[in-house]
Every structure is written in structure tokens, then in C-alpha cells.
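Visitor: Chains C and G supply the protein sequences, listed in that same order.
If you want our numbering, it's the 1-based position in the first sequence plus 6.
If you want our numbering, it's the 1-based position in the second sequence plus 100.
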Amino acid sequence: MKMNQLSLFIENKPEHLDRICADLKKYGINIITLSLADTKDFGILRLIVDDWEKAKVSLESEGHIVNVTEVLAVEASHEAGGLSGVLDVIAGTGINIEYMYAFPGNPTTHTAALVFRFDDPEKALALLKEAGLSGVDSVSLFENK
Amino acid sequence: MSTYWNDKNSPMNPISAPDFIPMEQMRELQLYRLQGVVKHCYDNVELFRTRLDEKGLKPEDIKVLDDIAKLPFSVKTDLRNHYPYGLFASSLKDIVRLHASSGTTGKPIVVGYTDEDMKVWTNVMVRSLAACGVSSEDIVQNAYGYGLFTGGLGVHCGAEALGATVIPISGGNTSKQIMLLKDFCSTVITVTPSYFLHVIEVASEMGISIKDLPLRVGIFGAEPWTFEMRERIEKEAGIKAYDIYGLSEIIGPGVGVECSAQNGLHIFEDHFYPEIIDPDTGEVLPDGSEGELVLTTLTKQAIPMIRYRTRDITTIMTEKCDCGRTIRRIKKISTRSDDMLIIRGVNVFPSQIEAALLAVEGTLPHYMIYLTTEHDMDAVEVKVEINSAQFGDTVSAIEKLKAAITNSIKSIVGVSVKVTLVEPKTIERSQGKAKRVIDQRNK
Numbered sequence: 007m008k009m010n011q012l013s014l015f016i017e018n019k020p021e022h023l024d025r026i027c028a029d030l031k032k033y034g035i036n037i038i039t040l041s042l043a044d045t046k047d048f049g050i051l052r053l054i055v056d057d058w059e060k061a062k063v064s065l066e067s068e069g070h071i072v073n074v075t076e077v078l079a080v081e082a083s084h085e086a087g088g089l090s091g092v093l094d095v096i097a098g099t100g101i102n103i104e105y106m107y108a109f110p111g112n113p114t115t116h117t118a119a120l121v122f123r124f125d126d127p128e129k130a131l132a133l134l135k136e137a138g139l140s141g142v143d144s145v146s147l148f149e150n151k
Numbered sequence: 101m102s103t104y105w106n107d108k109n110s111p112m113n114p115i116s117a118p119d120f121i122p123m124e125q126m127r128e129l130q131l132y133r134l135q136g137v138v139k140h141c142y143d144n145v146e147l148f149r150t151r152l153d154e155k156g157l158k159p160e161d162i163k164v165l166d167d168i169a170k171l172p173f174s175v176k177t178d179l180r181n182h183y184p185y186g187l188f189a190s191s192l193k194d195i196v197r198l199h200a201s202s203g204t205t206g207k208p209i210v211v212g213y214t215d216e217d218m219k220v221w222t223n224v225m226v227r228s229l230a231a232c233g234v235s236s237e238d239i240v241q242n243a244y245g246y247g248l249f250t251g252g253l254g255v256h257c258g259a260e261a262l263g264a265t266v267i268p269i270s271g272g273n274t275s276k277q278i279m280l281l282k283d284f285c286s287t288v289i290t291v292t293p294s295y296f297l298h299v300i301e302v303a304s305e306m307g308i309s310i311k312d313l314p315l316r317v318g319i320f321g322a323e324p325w326t327f328e329m330r331e332r333i334e335k336e337a338g339i340k341a342y343d344i345y346g347l348s349e350i351i352g353p354g355v356g357v358e359c360s361a362q363n364g365l366h367i368f369e370d371h372f373y374p375e376i377i378d379p380d381t382g383e384v385l386p387d388g389s390e391g392e393l394v395l396t397t398l399t400k401q402a403i404p405m406i407r408y409r410t411r412d413i414t415t416i417m418t419e420k421c422d423c424g425r426t427i428r429r430i431k432k433i434s435t436r437s438d439d440m441l442i443i444r445g446v447n448v449f450p451s452q453i454e455a456a457l458l459a460v461e462g463t464l465p466h467y468m469i470y471l472t473t474e475h476d477m478d479a480v481e482v483k484v485e486i487n488s489a490q491f492g493d494t495v496s497a498i499e500k501l502k503a504a505i506t507n508s509i510k511s512i513v514g515v516s517v518k519v520t521l522v523e524p525k526t527i528e529r530s531q532g533k534a535k536r537v538i539d540q541r542n543k
């Protein structure tokens, strides 16, 4: 269920996002999913990529600062109430979601996957496991190969 | 081979002897030399003669040391107005070296040295290096710029005369600086503090920790730097960081330097007589008071300076120094009155902003201050680089950091500024003197 996410600080200015993406292209790194948090001055680009270790080394060699954060990737059914079902598990426990975003849905399995960063990841992990939810352990499921 | 005494800690090092002479003897020497330099100036520099005549003074009126207060001040514009040779007191035939300051506005300032002046300069530089514990056994990597700037050649002559091994690499070329620090086993580096920070940073990107190298001493000058910056440098590079003071109008580096006590800079007052004045009234203040440093070159031949106003704000310290030197100390200069910014009526020194920034855990000393006019008011933006240690993956973590920096500046400096965090390595690194302020206000 645990997955490594890369995050990068970017100034909120034209072409700054492109500089990072151009470097990913240069090293042949595929983005599986991403989220971009924005404020007036800056943004945080969070990436799940096919090879996070290679991506980190490559981006750092190009002068970017890259942080690695462990996030939880949880599978949910791709239908009304799917996300709600996951959120019900942690509701009432006092755990807060710092941020979340999603993987593209999988039409053949009727599943979707969600990326969570909780303020108490260990407790959240235990609860999700206990509730019998399955996690995503490999990004290869989402690769278009 | 140098014949100078090799025990770096011994006050018996003959070159450093004047640093330890009894105060009464020093005052006697200073009076004798002051009388000499005033006469030399009166006889050879028209501007000085005119100014003395206007006051109805003659060189013979200097009877005691305190009579110096009767003499007129000299200022930087005197040098500009008499560019290039108007203030020289020796004929060009006797001048063996010229240096010039980088004039950012208009003409540079030109200074000359006779053979005797070069000996004095070398002497004070040897004493400076000795005070920082440098000896003939050291390998000195001199990363001050060589050329018209006095920093490079001033340090060079002193280090060579001390008998140290000198690497004349000059400023810039950072990866070569790091290669030589490593391969040549440099034990001492002489450099501007802002450039050395850049060296540390690049070394760490190359996977080299300066801490693991033989480097043990850094002698930093040519720009004001804060105590907080010293702490950072000493911690990150694992060296002792000493402050050296000088200005080309007086001689170049070697006017004053810190010693092992790292508590104030000893002024080589057998050659440079220090006074502290009230910058507004010009009145001489007693030792222990803060004011503008005024220096008189007691032995300079080519271009003597009588009561030169340095624009540097400091205090002459009166307590005896732990190192045993009797020559007086000034407090570390972190403010130049020239650097002072008036922001919405508040006096602000860039060094205060640096100190406020470094007071926040994990920040880097890479910053730039931008001043603009918005709705007829001064607006200040401080751009600060973010580093990996402090970078969280949430907006709130970054906003928290921004708020901490803003509050620190507000409480230390007393003005509200806009803090903008910028991507790593986007603020230009200095290869010499750092530029920290961009003032685009409507004048």
C-alpha cells in the first residue's frame, strides 16, 4: 500500500513546470500520476513515476531539489460511493488527510486508485488494512505497456 | 626561506612584536609618526595644505595625540575629485604599485604605494596572518581577486613574506577551487565569505565535504558579514573563520584582524590611528562608544590619509584582549553607513536581514533584497532560496517557513517585508563581493 512519491518546489511562473517535465523526458521517465498544489507564488509538484529512484537521481543531477515522501495508494471500486467507502474507514478516528489525488481508473477491473497523505500514516495504514481494503503496490499496473 | 619565527602561537614572533608593546610606548610612537605624516601631507598635498591654512593651523600645532581632532577629515569624494594622482604626496618616480577600487559609479579611486609603503603593507599582512594562527607551515589558497583590487595581491605578499606556501588562484572558478583545496591540501583559505559559502555548496554537490579536507582556517573580508554567518561557516566547513578588515584608501587588507579570541579586530595602530566619531556632528567619541571609524595612516608615503572617514560603524573596545595583544580592537563591523537603507523611514542594514534570516532554523544565506515603490510607498521583497532540508511536501509546511522568516525579519529589523521563496540556485552566487540589494525605488 506504501508508495514513494517525489515532490518538487516550483515557483508559480511560466515555464517552470516545463523545465521539470523536460528533464523527465530527457531521462525517459514516465509520470504515472501527479498533483499540482498551487498558491499565488509557488506550487508543489507531486509525482508518482515508473522509477522513482532513477527519477530522483536524474532530477537532482539537473539541479532540482526533490523530496521523497511515502504515501498510501488504496484501491477503490470505480462506482458511485467508491471513495466514500474508503473515507468511512478513517472517519471518526481524528486522522486528517493532508492531501490526496487519484490514479486513472481502470475500466477493465472497474477499480480506481487513490493516493493519500495522512497526518498519521501508520495508524491510517493499519485501519485500511483492517478494513480489508487492498492497496496498490506496484505502479506497473498503471503503465501502458 | 623565511627567517620569521615559526611558532604560530608565540607572541615572541618578532614580526608581531609591535602588537604587544606597552600602550604608553605606542602613544609616543603614534604622536611622533602623526607629526611626521601631517608635515609630509602639508608639504606635498595641495588639498590638505589649503584645508589646514583655512583653519589657521600649521603642522607644528600637533603637540599631543589629541590634537588630531583639530585636523580636517578626508572623505572618499576627495579621492574621486582628485583622480587620478591629485592626492599623491610622493612623486610617481618613487611609486612602485598602483591599485584602484572598482568604482561602481563614475571614476575609480586610485591609490599608490612607495617601496616603503609596500613593506608596511606586507608587514601588517604578515601580522594579520600570524594573528589568525597561520605560519610558514601553512598552504594558503588565496581566492581574493588578483588585479586592481587590493585583496588578492595584499594577501599574497603577506603570506609569501610569512613563508607560507601561496596558491594564487584568485576568485572564481569554483570547481578548480575545490579541486585544489583537496589535491593541494590547502590549510588556509582567504576569500570573501559570500563566495566561500558558494564553494561549500558546490563542493557538497560534488559529494565533497570541506570538513573532511585539511582546511583549518578561513580569513574572510572585503564585505561585512554577521556572527550568524560565522557560525554557519565554521559548522559547515569545520574551520576557524576569522574576520580581516581593510580598505584600499588606507592600504588594503591588513588594517585590522581578529585573533584567536575572535572577539573584535585588532587595529595595527602603529600604522593606522583609529578614532570613533559621531557621524552627524564629527565630534570625537571616547573609546567604548559606537560611531563611525576614522583612520589616519601614520606611516604612508605615497598617498597618506589624514582622518579618513571609513563610513563603517563600530566601537573601539577598551578591555584587554585574551590573546595578550595591547593594540586596540574594534568590534566586528557588520554595518557600513554606506549600505544603510532607509525603508519607510526606518534605518535598515542588509546585515540585519541576513541575521534575521539565519535565525530561522534550516535557512540558507542565499537571499536578495528588492526595493520598489508601490503606491508612493517603499515596498520590500526578500527573495530566499529554499533548500532540501526545510522543504516539506505540503503547502502548509512551506507557508509556515515563510511566516517564520517574515516574523523574524519583522522582529529583528522592525519592518514588514514580503518574503518570497524561490527555487534552489536561482539567486546569483558572488565570485567576490556579494550584491544583496537591488533598489528600484523611484528617486
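Think of the CB as a built atom: it goes at the ideal place given N, C-alpha and C, for glycine as much as any other residue.
Only a predicted model underlies this, so the values are computations on that prediction, with no experimental measurement involved.
Thinking C-alpha only, which one of G/THR494, G/ILE538, G/VAL288 is nearest G/SER235?
Guide: Among G/THR494, G/ILE538, G/VAL288, the Cα nearest to that of G/SER235 is on G/VAL288.
Visitor: Assuming contact is defined by CB atoms lying nearer than 8 Å, are C/ALA119 and C/GLU81 in contact in what I supplied?
Guide: For C/ALA119 and C/GLU81, yes; Cβs fall inside 8 Å.
Visitor: Along the region 500 to 526 of chain G, where does the CB come closer than 7 Å to a CB of chain C? Name the residues.
Guide: Here the close residues are THR520, LEU521, VAL522, GLU523, PRO524, LYS525.
Visitor: Tell me whether G/LYS420 is buried or exposed, calling it buried when 16 or more other Cβ atoms sit within 10 Å of its Cβ.
Guide: Exposed: under 16 other Cβ atoms inside 10 Å.
Visitor: Thinking C-beta only, is G/PRO353 closer than 8 Å to G/MET477?
Guide: Their beta carbons are not under 8 Å apart, which means G/MET477 does not touch G/PRO353 by this criterion.
Visitor: When burial is assigned at 16 or more other CB atoms within 10 Å of the CB, is C/LYS32 buried or exposed?
Guide: Looking at its Cβ environment, which holds fewer than 16 other Cβ atoms inside 10 Å, C/LYS32 is exposed.
Visitor: My output table needs one value for G/TYR142: the three-state DSSP class, helix, strand or coil.
Guide: Correct three-state label for G/TYR142: helix.
Visitor: Going along the chain, which residues of its own chain have a beta-carbon closer than 7 Å to the beta-carbon of G/THR274, five neighbours each way excluded?
Guide: Excluding sequence neighbours, G/THR274 sits near HIS298, VAL299, VAL302.
Visitor: Please look up how many angstroms separate the CB atoms of C/ILE54 and C/THR39, rounded, as I've assumed it's under 8 Å.
Guide: C/ILE54 to C/THR39, Cβ: 5 Å. Contact.
Visitor: Taking the continuous beta strand (DSSP E) assigned at C/GLN11, which residues delimit it?
Guide: Its beta strand (DSSP E) spans residues 8 to 17.
Visitor: Cβ closer than 8 Å: which chain G residues qualify as neighbours of C/ASN73?
Guide: Neighbours of C/ASN73 on chain G, chain order: SER488, PHE491, GLY492, ASP493.
Visitor: Taking the alpha carbon of G/ASP166 as the reference point, which residue from G/THR150, G/ARG151, G/GLU383 has its own alpha carbon closest?
Guide: The shortest C-alpha separation from G/ASP166 is found at G/GLU383.
Visitor: For G/ILE308, which residues in chain C fall below 8 Å Cβ to Cβ?
Guide: Simply none; closest approach about 16 Å.
Visitor: Grouping DSSP H, G and I as helix and E and B as strand, with all else coil, what is G/GLU523?
Guide: In the structure shown, G/GLU523 sits in coil (DSSP, three-state: anything other than H, G, I, E or B).
Visitor: Does G/ARG127 pass the burial test, meaning 16 or more other C-beta atoms within 10 Å, or should it be called exposed?
Guide: Burial call: exposed.
Visitor: In terms of residue numbering, what span does the beta strand (DSSP E) encompassing G/ILE427 cover?
Guide: Run containing G/ILE427: none; DSSP gives neither H nor E here.
Visitor: Quick check: the Cα distance between G/LEU457 and G/ALA504, rounded to an integer number of angstroms?
Guide: The straight-line gap from Cα to Cα measures roughly 9 Å.
Visitor: Using a cut-off of 8 Å between C-beta atoms, extract the partners of C/GLY69 located in chain G.
Guide: Result: PRO524, LYS525.
Visitor: What did DSSP end up calling G/MET440 once you bin it into helix, strand or coil?
Guide: Note: G/MET440 maps to coil in three-state DSSP.
Visitor: Please name the residue or residues paired with G/GLY391 in a DSSP beta bridge.
Guide: According to DSSP, G/GLY391 bridges with G/THR414.
Visitor: Pull out every residue of the region 44 to 55 of chain C whose Cβ sits closer than 9 Å to any Cβ of chain G, in chain order.
Guide: Under the 9 Å Cβ criterion, the region 44 to 55 of chain C contributes ASP44, THR45, ASP47, PHE48, GLY49, ILE50, ARG52.
Visitor: Quick check on DSSP: helix, strand or coil for G/ILE376?
Guide: DSSP places G/ILE376 in strand when its eight states are reduced to three.
Visitor: Smallest Cα separation from G/LYS340: which of G/LEU131, G/LEU347, G/GLU358, G/GLY346?
Guide: Closest option to G/LYS340, Cα to Cα, is G/GLU358.
Visitor: Whose CA, out of G/GLU481, G/ILE367, G/VAL448, lies closest to the CA of G/LYS432?
Guide: Ranking the options by Cα distance to G/LYS432, first place goes to G/ILE367.
Visitor: Using a cut-off of 9 Å between C-beta atoms, extract the partners of G/ILE498 located in chain C.
Guide: Those are PHE15, THR45, PHE48, ILE50, listed as they occur along chain C.
Visitor: Check whether the Cβ atoms of G/PRO404 and G/VAL537 sit closer than 8 Å, and answer yes or no.
Guide: Their beta carbons are not under 8 Å apart, which means G/PRO404 does not touch G/VAL537 by this criterion.
Visitor: With a cut-off of 8 Å, does the C-beta of C/TYR105 fall near any C-beta of chain G?
Guide: It does; some Cβ of chain G falls within 8 Å.
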